[in-house]
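Peer 1: Line by line, the protein sequences are chains L and Z. Residue 1354 in the numbering used here sits at position 61 of the first sequence; the count goes up by one each step and never skips. Residue 1421 in the numbering used here sits at position 128 of the second sequence; the count goes up by one each step and never skips.
2 protein chains.
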Amino acid sequence: MPLKRIADSTVRRLSLYLRFLEEFENAGLTTVSSEELAARGGTTSAQVRKDLSFFGSFGKRGLGYQVAELTQRMRRILGLERDWRVAIIGVGKIGSALAQYEGFQQRGFRVVGLYDSDPAKIGRNMYDQSVRSIDSLAEDNRERRVDIAVIAVPASAAQRVADQVVAAGITGIMSFAPLQLHVPAEVTLNTVNMAMELERLSFALSNRE
Amino acid sequence: MPLKRIADSTVRRLSLYLRFLEEFENAGLTTVSSEELAARGGTTSAQVRKDLSFFGSFGKRGLGYQVAELTQRMRRILGLERDWRVAIIGVGKIGSALAQYEGFQQRGFRVVGLYDSDPAKIGRNMYDQSVRSIDSLAEDNRERRVDIAVIAVPASAAQRVADQVVAAGITGIMSFAPLQLHVPAEVTLNTVNMAMELERLSFALSNRE
DNA sequence: CCTATCTTGTGAATCAATTCACAAGCCCTC
DNA sequence: GAGGGCTTGTGAATTGATTCACAAGATAGG
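Here's what the structure looks like:
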């Protein structure tokens, strides 16, 4: 639907707007202006309108936006109207935290598989799933049809796991490994790098006024 | 040290460069060019040189950069030459994962306190620390001198906790709560929003060619 | 129906980030 | 110590993102 490439910063803000719209909806508001959305998110009304304008025109001049309608539009734009089938690879601390995270399931990200390489974990039942060997990923995926693989293994194993994920035909990856993964262009990769986030904070704290 | 405000994207890349430099150092390389650093990180050599130029000139023309020297410079720039005293607030799934995360400690982020509001957890010993009530944060901090509070509590409690953190005189916050926190300007806040990251991936997957 | 008051949607202008391109410096060889 | 081959550091040019500013629609009230 979008005519030109959408900037990453725009997508991040859309996600924020959706969060605020849900708040407003829960608070019983039926209508919201770009100014109100902007105030809630610490941005400007022009920014909000520009962001939305990439996808269409959803408001009424003089009036603002219908909360319920805009919420639904945002969900559609962000691809949240469908369920996503997720496999979590690496059932260590981070993997376990994610497997149990309710917000995950609630938003339509359904965990359909847990994988690990540790023989002590393989075969065990954890978080309502039977843990399987990473080596069975490709075979499993013939019927599991996983959309997104969450990579939560140590840095040293991450690239090998990523290769297996790609080989299994999974085209979405969310990685928590603190390094740069290499995947083919047709695979979409999003990395959350905790080390980088800490260092960003360290930099900011070290360079105040 | 930096003369003008440094862009967030620049700091993120500095953090990446540091990671690559450590790799190169482990591999025994003594010298590296901006072109090699760029190739490793999927950017351009001009970008690398421009990023570094905000902080000084660290290379030798015709030769490149000394790996060991540049590594140390990057550490200094990012504020990683000192230890940071960290308190983890909310010892649930995410908080526990972080408390046990070795990369955390290794990079000089020392966990000096665990806090929770659950009476079943308060007083217990977890991960080599005695869990304390969030309400004792301000009092504790008179001697604990925490630099960074990691907020890993449910969204509904996050703003209240943030207020307590600020009241305790802690000026660095890393939040994992999926909402926008409001803090005074003198407090540095960095938010990792998992919901946003998932939605970013969802958007990317939904809008492929 | 006309006027006053809002608020959107969007080109134009500004501000910021990235890329280009090249002079300047360094090493090595002869 | 002069020349060739590299690679840095940085102004200038370009590309991209944000902000400005205003015409166009919409509502409400008289």
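Backbone N, C-alpha and C fix where the C-beta goes; we use that ideal spot for every residue, glycine too.
Give me the Cα-Cα distance between Leu1482 (chain Z) and Val1379 (chain Z), rounded to the nearest whole angstrom.
Peer 2: 14 Å
Peer 1: Excluding the 5 residues preceding and the 5 following Gly1396 (chain L) in the sequence, name in chain order all residues of the same chain whose CB lies nearer than 8 Å to its CB.
Peer 2: none
Peer 1: Within the continuous alpha helix (DSSP H) that includes Gln1399 (chain L), where are the two ends?
Peer 2: Glu1395 to Gln1399
Peer 1: From what residue to what residue does the beta strand (DSSP E) around Ala1442 (chain Z) run?
Peer 2: From DSSP, the beta strand (DSSP E) with Ala1442 (chain Z) extends over Ile1441 to Ile1444.
Peer 1: Is Val1485 (chain Z) close to chain L, meaning its C-beta is less than 9 Å from at least one C-beta of that chain?
Peer 2: Val1485 (chain Z) counts as touching chain L.
Peer 1: Expressed to the nearest angstrom, what Euclidean distance is found between the alpha-carbon atoms of Lys1353 (chain Z) and Thr1337 (chain Z)?
Peer 2: 18 Å
Peer 1: Can you pull out the residues from the stretch 1461-1480 of chain L whose beta carbon lies closer than 9 Å to at least one beta carbon of chain Z?
Peer 2: Thr1464, Gly1465, Ile1466, Met1467, Pro1471, Leu1472, Gln1473, His1475 and Glu1479
Peer 1: Under the rule that 16 or more other beta-carbon atoms within 10 Å means buried, what is Thr1323 (chain Z), buried or exposed?
Peer 2: exposed
Peer 1: Determine, using beta carbons only, whether Gly1372 (chain Z) comes closer than 9 Å to chain L.
Peer 2: Cβ-Cβ to chain L under 9 Å: yes for Gly1372 (chain Z).
Peer 1: Contact defined as beta carbons within less than 8 Å: I believe Gly1383 (chain L) pairs with Ile1463 (chain L). What is the distance between those atoms, to the nearest angstrom?
Peer 2: No, Gly1383 (chain L) and Ile1463 (chain L) are not in contact; Cβ-Cβ is about 15 Å, not under 8 Å.
Peer 1: Can you confirm whether Ile1441 (chain Z), when its beta carbon is compared against all beta carbons of chain L, has any partner nearer than 9 Å?
Peer 2: yes
Peer 1: Measure the CB-CB distance between Met1467 (chain L) and Glu1490 (chain Z) and report whether it falls below 9 Å.
Peer 2: One thing to note: Met1467 (chain L) has its Cβ within 9 Å of the Cβ of Glu1490 (chain Z).
Peer 1: Let me know the secondary structure DSSP gives Gln1473 (chain L) once reduced to three states.
Peer 2: Note: Gln1473 (chain L) maps to coil in three-state DSSP.
Peer 1: Leu1407 (chain L) lies in the alpha helix (DSSP H); which residues open and close that run?
Peer 2: No alpha helix (DSSP H) holds Leu1407 (chain L); the beta strand (DSSP E) holding it covers Phe1402 to Asp1409.
Peer 1: Mapping DSSP to helix, strand and coil, what is Ala1380 (chain L)?
Peer 2: strand
Peer 1: What do you reckon, are the CB atoms on Gly1401 (chain L) and Asp1376 (chain L) nearer than 9 Å?
Peer 2: Cβ atoms of Gly1401 (chain L) and Asp1376 (chain L): closer than 9 Å.
Peer 1: Taking the alpha carbon of Glu1436 (chain Z) as the reference point, which residue from Z:Ala1461, Z:Lys1414 and Z:Ala1451 has its own alpha carbon closest?
Peer 2: Z:Ala1461
Peer 1: Could you pull out every residue in the same chain whose Cβ sits closer than 6 Å to the Cβ of Ser1499 (chain Z), ignoring the five residues on either side in sequence?
Peer 2: none
Peer 1: Could you check the C-alpha separation between Gln1422 (chain L) and Ala1339 (chain Z) for me, to the nearest Å?
Peer 2: 48 Å
Peer 1: Using a C-beta to C-beta distance shorter than 8 Å, which residues of chain L count as neighbours of Gln1393 (chain Z)?
Peer 2: Lys1386
Peer 1: Can you name the start and end residues of the alpha helix (DSSP H) that Leu1482 (chain Z) belongs to?
Peer 2: It is not in any alpha helix (DSSP H) - Leu1482 (chain Z) instead sits in the beta strand (DSSP E) that spans Thr1481 to Thr1484.
Peer 1: Below 8 Å on the Cβ atoms is my contact criterion, and I expect Glu1286 (chain Z) with Ser1308 (chain L) to pass it. Report the Cβ-Cβ distance as a whole number of Å.
Peer 2: There is simply no residue 1286 (chain Z) to check, as chain Z begins at 1294 and stops at 1502 in what is shown.
Peer 1: Less than 9 Å between the beta carbons of Gln1393 (chain Z) and Lys1414 (chain L), yes or no?
Peer 2: no
Peer 1: Express the C-alpha separation of Leu1314 (chain L) and Thr1364 (chain L) in angstroms, rounding to a whole number.
Peer 2: 6 Å
Peer 1: Pull up the CB-CB distance for Ala1459 (chain L) and Val1476 (chain L), whole angstroms please, since I reckon it's below 8 Å.
Peer 2: According to the sequence as given, residue 1459 (chain L) is Val; it is not Ala. Going by Cβ atoms, the distance from Val1459 (chain L) to Val1476 (chain L) rounds to 6 Å, so yes, they are a contact pair.
Peer 1: Quick check on the DSSP output: the beta strand (DSSP E) that includes Ser1495 (chain Z) runs from which residue to which?
Peer 2: Careful: Ser1495 (chain Z) lies outside any beta strand (DSSP E), inside the alpha helix (DSSP H) at Met1487 to Ser1499.
Peer 1: In terms of DSSP beta bridges, what is Lys1386 (chain L) paired with?
Peer 2: DSSP, once it has assigned bridges, lists no residue as partnering Lys1386 (chain L).
Peer 1: List the endpoints of the continuous alpha helix (DSSP H) containing Ser1338 (chain Z).
Peer 2: Ser1338 to Ser1346 is the span of the alpha helix (DSSP H), which, as asked, contains Ser1338 (chain Z).
Peer 1: Shorter than 9 Å from the beta carbon of Asp1301 (chain L) to some beta carbon of chain Z?
Peer 2: yes
Peer 1: Consult DSSP for Thr1303 (chain L) and reduce its assignment to one of helix, strand or coil.
Peer 2: helix
Peer 1: Look at Leu1366 (chain L) and Gly1349 (chain L) and say whether their C-beta atoms are less than 9 Å apart.
Peer 2: Rather than Leu, the amino acid found at residue 1366 (chain L) in this sequence is Arg. Contact: yes.
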